[in-house]
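Residue numbers (this note's numbering): 11 to 224.
Before any comments, here is the structure.
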Amino acid sequence: MNIILLGPPGAGKGTQAAELVIKRGMKQLSTGDMLRAERAAGTALGHEVEGLMKAGLLVSDNIVTRLIGEALTKPDTAKGVIFDGYPRTEAQAKSLDTLLQSHGRTLDKVIELTVDEDALVDRITGRYSCVKCKTGYHDRHKPAKIAGVCDVCGSTEFTRRPDDTEAVVRERLAVYRANTAPILPYYEARGLLARVDGMADMGHVSEDIARLLD
Ligand code: AP5
Ligand code: MG
């Protein structure tokens with residue numbers, strides 16, 4: 011099964027993708043995570059995208075489509091893929107169709123997480139994650155059980171994304187409205203689009219997604 015999780019920054023795409031990885035053995039392909047990995051590794055690509063990401067702007071379609079194309083050749087995608095943060099433009103949506111076709115795969119569902127934009131700023135500015143195992147947390151909605159210690163791996167090192175400031179979040183929301191929301195009708199017309207209330211608590215959102223996939 012191959013699905014897309016669509017929604018504005020902070021909608022819960024990464025949170026829900028992580029659940030699907032654990033419960034269904036699917037592979038999460040997050041272009042945001044891939045680009046952050048390039049930056050962390052100090053590659054030429056990482057340097058190229060740094061300014062755009064810090065400003066909350068989209069990197070070029072060619073770059074992200076190449077990353078997704080490479081990932082789809084790997085065997086760990088065999089059980090199915092969750093596209094998280096890709097596609098984000100009409101050109102990317104069309105490229106994904108071509109890529110899937112060339113790998114003999116189909117797109118089964120596009121799930122839009124619908125959210126209240128005001129809540130997103132709170133969600134994103136409270137987000138942090140474990141440096142070691144990447145588990146995501148939130149200051150108020152999902153704090154570590156023991157303050158300062160990762161629930162999963164016990165590490166005491168946490169990090170926050172440099173683009174998670176209020177000003178950059180507002181820019182990312184504007185970019186979503188201008189470039190990404192317009193691709194929803196592309197999937198709706200093909201009968202692939204389903205909507206889930208992303209404002210419900212995380213467990214409910216997971217249940218709603220599971221119902222759509224069973
Ligand atoms: P990317 O990393 O994709 O960021 P994003 O789309 O802005 O989305 P986020 O990761 O911020 O939000 P999310 O929906 O994953 O929410 P999360 O689950 O973490 O992209 C970053 C940048 O990379 C872009 O700005 C761009 O520069 C570049 N880029 C990436 N892909 C690109 C592409 N295809 N084309 C061009 N450029 C690209 O949840 C947020 C917080 O809320 C967490 O703390 C979580 O614990 C909490 N939370 C989650 N669900 C709930 C809930 N139901 N109730 C309460 N709290 C919740
Ligand atoms: Mg994410």
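Ideal Cβ positions, reconstructed from N, Cα and C, are used throughout, including at glycine.
1) Starting from Leu-67, follow the alpha helix (DSSP H) in both directions and report where the run begins and ends.
2) Can you tell me where the beta strand (DSSP E) with Gly-146 in it begins and where it stops?
3) How about Ile-78 and Tyr-96: do their beta carbons lie closer than 8 Å?
4) What residue from Asp-71, Ser-165 and Ile-156 has the CA that sits closest to Gly-42's CA?
5) Along the chain, where does the alpha helix (DSSP H) containing Lys-33 start, and where does it finish?
6) Ile-21 and Val-125: beta carbons closer than 8 Å?
7) Could you give the uninterrupted runs of the alpha helix (DSSP H) lying entirely in the region 158-212, keeping only those of 4 residues or more?
8) By the DSSP assignment, the alpha helix (DSSP H) with Leu-15 in it spans what residues?
9) Counting beta carbon pairs with one atom in the region 138-156 and one in the region 113-129, are three or more of them shorter than 8 Å?
10) Ignoring anything shorter than 4 residues or poking outside the region 72-140, list the alpha helix (DSSP H) runs there in chain order.
11) Here's the rule: buried if 16 or more other CB atoms are within 10 angstroms of the residue's CB, otherwise exposed. What is Arg-182?
12) Mark Gly-61 as exposed unless 16 or more other C-beta atoms lie within 10 angstroms of its C-beta, in which case mark it buried.
13) Mind checking which residues open and close the beta strand (DSSP E) that includes Lys-142?
14) How do the region 31-47 and the region 86-95 stand: do at least 3 beta-carbon pairs fall below 8 Å, yes or no?
15) What does the alpha-carbon distance come out to for the pair Arg-187 and Leu-194?
16) Given that a residue counts as buried once 16 or more other Cβ atoms are within 10 Å of its Cβ, and exposed if not, what is Gln-111?
Walking through what the data contain:
1) Where Leu-67 is concerned, there is no enclosing alpha helix (DSSP H), given that its DSSP letter is neither H nor E.
2) 146-148
3) yes
4) Asp-71
5) 23-34
6) According to the sequence as given, residue 21 is Ala; it is not Ile. Yes, the Cβ-Cβ distance between Ala-21 and Val-125 is below 8 Å.
7) 176-185 and 194-198
8) No alpha helix (DSSP H) holds Leu-15; the beta strand (DSSP E) holding it covers 12-16.
9) no
10) 100-112 and 127-135
11) buried
12) exposed
13) First-last for Lys-142: undefined, no H or E at that position.
14) yes
15) 11 Å
16) exposed
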